[in-house]
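To start, the structure under review is shown below, and the notes come after it.
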Amino acid sequence: VECHPYFTQPKLLKFCQQHDIVIIAYSPLGTSRNPFWVDVSIPPLLKDTLLNSLGEKYNKTAAQIVLRFNIQRGVVVIPKSFNPERIKENFQVRALFLEM
């Protein structure tokens, strides 16, 4: 299921939690920038001002904030990366806790 801070799926998440269904986030770091699918006037998820401010507050990247946001909501995230540094960053969200 597509699930990230721009598309939080609150009703679906509540339904799934009530029925012990685990959501696996598709595109946990945002969707493509194809104008057919998204409003390109909105900044890409990882360029979002609030997410980057939170990254500064917690000394993490916007991507780490986004991943942890879903994890704390009980959503499984499977971010794709071939970059060893980004893979390492993705694992570092385990030690992060966001005040929500």
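Last residue of the sequence shown: number 100 in the UniProt record's numbering, and the count goes up by one each step with no gaps.
All C-beta atoms, glycine included, are put in the ideal place defined by N, C-alpha and C.
query: List in chain order: all unbroken alpha helix (DSSP H) runs of 4+ residues lying wholly within the region 17-77.; result: 49-58 and 62-72
query: My assumption, with CB atoms under 8 Å, is that Q17 sits in contact with G74. Please give the rounded CB distance.; result: 6 Å
query: Nearest CA to the CA of P35: which residue from P44, R86, P10 and E89?; result: P44
query: Can you list, in chain order, the residues of its chain whose CB lies under 6 Å from that of S27, leaving out five sequence neighbours each side?; result: E2
query: From I24 to L12, what distance separates their C-alpha atoms?; result: 12 Å
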